[in-house]
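Residue numbers (this note's numbering): 176 to 340. For every residue, glycine included, the Cβ atom is placed at its ideal position computed from N, Cα and C.
Below you can see the structure in the form of structure tokens.
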């Protein structure tokens, strides 16, 4: 008996008043026949145009969003390039040094006059080696300064935790 009561409650709950009762075979056949004879539902005339206009509007917004994103990326890239240009230390390009007609040059000329050709070549080679060594040391100083600058820059960037927001 209790088992039957629970089944009856389930049946009652299954049939909600807001839902129509299922159609019988005859009612269903009549409905099919009337739909075949007469079209029951007609879409509003402006529905197609309205749907297409909404689609076009969505595409237009997406294109504008993509264009804004592209412009923002380009501006950020330009700003980064300008920042690097202004912040990277540039020692300048080595310019060829003009020969000095000072005391050292005069002493060198006097030394070389008293020497034979072979000794002059040796002294000239020694001076070239010393010039090359000075240029190499200056280049190494620039490389070290550049490395130190980029190391400091990367430390500053990694220390800014608020940039992640």
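Give a yes or no on contact between the region 301-310 and the region 232-251, applying the rule of three or more CB pairs nearer than 8 Å. Too few Cβ pairs lie closer than 8 Å, so no.
Inter-residue CB distance, residue 324 and residue 264 (contact presumed, cutoff 8 Å): At roughly 6 Å, the Cβ-Cβ gap stays under 8 Å, so residue 324 and residue 264 are in contact.
Quick one: does residue 242 have its CB under 7 Å from some CB of chain B? In summary, chain B is missing from the structure at hand, where a single protein chain is found.
I need the DSSP call for residue 232, collapsed to helix, strand or coil. Note: residue 232 maps to helix in three-state DSSP.
Please list, in chain order, all residues of the same chain as residue 199 whose beta carbon is under 7 Å from its beta carbon, the five residues on each side excluded. Result list for residue 199: empty, nothing under 7 Å.
Is there at least one non-hydrogen atom of the ligand SAH closer than 6 Å to the beta-carbon of residue 259? The ligand SAH is absent from the structure shown, which contains no ligands of any kind.
Which class does residue 198 belong to by DSSP, given the choice of helix, strand or coil? Here residue 198 carries a coil assignment [DSSP, helix/strand/coil].
Residues of its chain near residue 206, where Cβ-Cβ distance is below 8 Å and the 5 sequence neighbours each way are ignored: The beta carbon of residue 206 is closer than 8 Å to those of 198 in its chain, skipping five residues each way along the sequence.
How many angstroms separate the CA atom of residue 260 from the CA atom of residue 253? Put simply, the backbone Cα of residue 260 is about 10 Å away from that of residue 253.
DSSP on residue 211, reduced to helix/strand/coil? Helix at residue 211.
Could you give the distance in angstroms between the alpha-carbon of residue 234 and the alpha-carbon of residue 328? Cα to Cα, residue 234 sits roughly 42 Å from residue 328.
Backbone CA spacing between residue 227 and residue 330 [nearest angstrom]: Approximately 53 Å between the Cα atoms of the pair.
Rounding to the nearest angstrom, what Cα-Cα distance links residue 231 and residue 218 in this structure? Residue 231 and residue 218: Cα-Cα distance of roughly 20 Å.
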